[in-house]
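Just below is one structure, and these are the notes that go with it.
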Amino acid sequence: MTPETFKSEILPMKHKLFRFAGRLLQNIPEAEDVVQEVFIRLWDRRDALKQYRSVEAFAMTIAKNLCLDRLKSKRNRQDEFTEKHEQADSLTPYHHAEMKDSFQKVNQIIGILPEQQRMIIQLRDVEGYEYDEIEEITGMNQNAIRVNLSRARKQVRELMKKQYNYEFTKN
Amino acid sequence: MNSQKIDLLISKYELGDTTLDEERELKAFFAQEEIPAKYRVYREIFGFYDTAVQEEFPDPDFDNRFFDKLGVSTESKKGQLIPFNRRIVWQVAASLVLLVGLYFVFQLQKQPGNEIDDPKLAYAETKKALMMISGNLNTGMKELSSIKTFDEGVNELKNIKSFNEGLKTMEKISTFNRSTNFVKQ
């Protein structure tokens, strides 16, 4: 695969990979690092990419593994204070803006869901993947995917409703 | 869509049982301007998914930076020649050889007094004519071998690219000249 083909066929996945890594890591610079790392790995295997039925699913799987590794090592460091601190600093400008913005409200709520639920919500409700694709990317079986998705969807709705009631009574 | 159908779709959705099409239907429904107040929370949630999918990678120059980091050049090779279709070359050459051959046969036939009564002689003459065609054909084939040389020539042309790179390097000399002028001043 030539650099030109890599650029026109592989690199355009950067947006999707970034959204996915961002959802999992909840940290923009780290998500950018992960995307670059995914592309380095794909570049190293550029001549073998034809063998994959879906390069995109392969790329998303690499991204998932890199993100989960990062999350795991963060937990192992047990340095929660600095972690929170880092996160607050690395959010985009509009994350600092009024949190009442409905986009931010949902964003925050999804951000506190467990990793697997965040991952599945991102793949299904944001990116619109079919269940067999989500199965390939996450390595989970379809039943587990549906169970997690169902929990996540209900949880988002519940937390949103709570927030609304809170705002209502406050006024 | 009536609210009964929406309620049904929502409960299916929350159980993880909707298809992608049904989920698109829900998104479209909640994207409408006027929807009942009880659906406000879903409007925000589905609106979020619609917006979130449009988020882009922050660095617009990522592609170039990526290849720079790898040390790979992605300059497109505009000067490169389109590879010659060898099959067509062969087909055209073969047709030409055939036409030349046929022309000779006609010439022989046209010449007056060429009619031969003796079958043996006729056979010998025919054989001679055919040999001539085959001889010409072989000469034609020899000519065809230069196509190979032509291909090599085309390959050689690729070196022009290196020459171009050389020229680019030479541009630095002009920068050097400018600095020399500057020093003179």
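Chains A and B are the protein sequences, given in the same order. Per our numbering, the very first residue in the first sequence carries number 1; after that it's consecutive. Per our numbering, the very first residue in the second sequence carries number 1; after that it's consecutive. Virtual Cβ for every residue (Gly too), placed ideally from N, Cα, C. Computed from a predicted structure; not experimentally measured.
| Item | Value |
| --- | --- |
| Would A:Leu25 and A:Cys67 be called neighbours here (beta carbons separated by less than 7 Å)? | yes |
| Within the same chain, show all residues whose beta-carbon is closer than 8 Å to that of B:Glu23, passing over the 5 residues directly before and after it, in chain order. | Tyr13 |
| Give the residues of chain A in contact with B:Glu14, contact being defined as C-beta atoms less than 8 Å apart. | Ser150, Arg153, Lys154, Arg157 |
| Any beta-carbon of chain B closer than 7 Å to the one on A:Met140? | no |
| State the start and end residues of the unbroken alpha helix (DSSP H) segment that holds A:Ser102. | 102-111 |
| What is the residue span of the alpha helix (DSSP H) that B:Lys38 lies within? | That residue, B:Lys38, is in no alpha helix (DSSP H); it is neither H nor E in DSSP. |
| Kindly list, in the order they appear in chain A, the residues whose Cβ is closer than 7 Å to that of B:Phe104. | What B:Phe104 touches in chain A: nothing, since even the nearest Cβ is about 50 Å away. |
| Would you mind stating whether A:Arg41 and A:Ile28 have Cβ atoms separated by less than 7 Å? | no |
| How would you label B:Lys69, buried or exposed, when you count the other beta carbons within 10 angstroms and need 16 or more for buried? | exposed |
| Contact check, A:Val38 vs A:Ala57 under 8 Å by CB: the rounded distance? | Contact flag wrong, Cβ pair sits at about 12 Å. |
| What does the alpha-carbon distance come out to for the pair A:Gln116 and B:Ser3? | 32 Å |
| If you draw a straight line from the C-alpha of A:Gly22 to the C-alpha of A:Glu4, how long is it? | 27 Å |
| At the 7 Å Cβ level, is A:Leu49 part of the contact set with chain B, yes or no? | no |
| In whole angstroms, what is the alpha-carbon distance linking A:Phe20 and B:Ala94? | 59 Å |
| Give a yes or no on whether the minimum CB-CB distance between B:Tyr49 and chain A is below 7 Å. | yes |
| Tell me the rounded alpha-carbon separation between B:Val41 and B:Asp50. | 14 Å |
| Against B:Val72, what residues of chain A qualify as contacts under a CB-to-CB distance less than 7 Å, listed in chain order? | Pro3 |
| State the Cα-Cα distance for the pair B:Ile35 and A:Lys16, rounded to the nearest angstrom. | 31 Å |
| Going by DSSP, what residue range makes up the alpha helix (DSSP H) through B:Ser11? | 3-14 |
| Taking Cβ to Cβ, would you say A:Ile134 is nearer than 7 Å to A:Ile121? | no |
| Taking the alpha carbon of B:Pro186 as the reference point, which residue from A:Pro12, A:Asn76, A:Ala152 has its own alpha carbon closest? | In this structure chain B extends from 1 to 185, so residue 186 of chain B is not present and cannot be described. |
| Output yes or no for whether 7 Å exceeds the beta carbon distance between A:Val106 and B:Phe30. | no |
| Mark B:Gly16 as exposed unless 16 or more other C-beta atoms lie within 10 angstroms of its C-beta, in which case mark it buried. | buried |
| Which value, in whole angstroms, describes the spacing of the CA atoms of A:Met140 and B:Pro60? | 34 Å |
| For B:Val105, which residues from the same chain have a beta carbon less than 8 Å from its beta carbon, with the 5 sequence-adjacent residues on both sides left out? | Ala129, Ile133 |
| Under 8 Å Cβ to Cβ from B:Ile10, same chain only, skipping five residues before and after it: list those, please. | Leu26, Tyr42 |
| How would you list, in chain order, the residues of chain A whose beta-carbon sits under 8 Å from the beta-carbon of B:Asp59? | Glu32 |
| What residue range is occupied by the uninterrupted alpha helix (DSSP H) comprising A:Arg23? | 14-25 |
| Does DSSP classify A:Met191 as helix, strand or coil? | As shown, chain A starts at 1 and ends at 171. That puts residue 191 of chain A outside it, with no answer to give. |
| Which one of B:Met1, B:Phe66, B:Thr74, B:Ile6 has the shortest CA to CA distance from A:Val34? | B:Phe66 |
| In the DSSP assignment, find the alpha helix (DSSP H) that holds A:Val35 and state where it starts and stops. | 28-44 |
| Select from the segment 31-48 of chain B all residues with a C-beta closer than 8 Å to any C-beta belonging to chain A, and list them in chain order. | Arg40, Val41, Tyr42, Glu44, Ile45, Gly47, Phe48 |
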